[in-house]
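Each remark here refers to the structure printed beneath this line.
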Amino acid sequence: MTNVIEVRYWAAAKSAAGTVSDRFEVDGPLTLAEVVRRAAALHADTRLPEVLKVCSVLIGDRPAGTGDPGGIEVPPGSTVEFLPPFAGG
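Take the sequence shown: its letters are residues 1 to 89, numbered as in our numbering.
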């Protein structure tokens, strides 16, 4: 059985990636650092790798916070959302 982690991009991240989302097939949980690495590699020829560095991240409906992305687990079936800083109010 294949498991998937869905990655969604918002605002400048969506513009940089040229898509609203990607899906990564996984055999088990990934770290948030690995999700970021995969997303950046998939769109290496765009601005996305730089944009991801300044994004806030939600895993499901919970903020990932400022912890080490290498220590944050993303289980199969999760949605990871990358939210760049927004200008204005």
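All C-beta atoms in this analysis are idealised placements derived from N, C-alpha and C, irrespective of residue type, glycine included.
By Cβ distance, which residues of its chain are closer than 7 Å to Asp22, with the 5 residues on each side in sequence left out? Cβ within range, chain order: Val7, Ala39 and Leu42.
How is Pro69 classed by DSSP in three states: helix, strand or coil? For Pro69, the secondary structure class from DSSP, reduced to helix, strand or coil, is helix.
Could you pull the start and end residues of the beta strand (DSSP E) that Ser56 belongs to? Ser56 to Ile59
Tell me which residues share the same chain as Met1 and place their Cβ nearer than 7 Å to its Cβ, disregarding the 5 neighbours each side in the sequence. Below a pLDDT of 50, predicted positions are generally treated as unreliable, and Met1, at 42, falls in that range; the measurement from the model is reported next regardless. Within the same chain, Met1 has no close Cβ partners at all.
Need the endpoints of the beta strand (DSSP E) that Val7 sits in, please. Asn3 to Tyr9
Can you check which of these residues, Phe24, Leu32 and Asn3, is closest to Lys53 by C-alpha distance? Leu32
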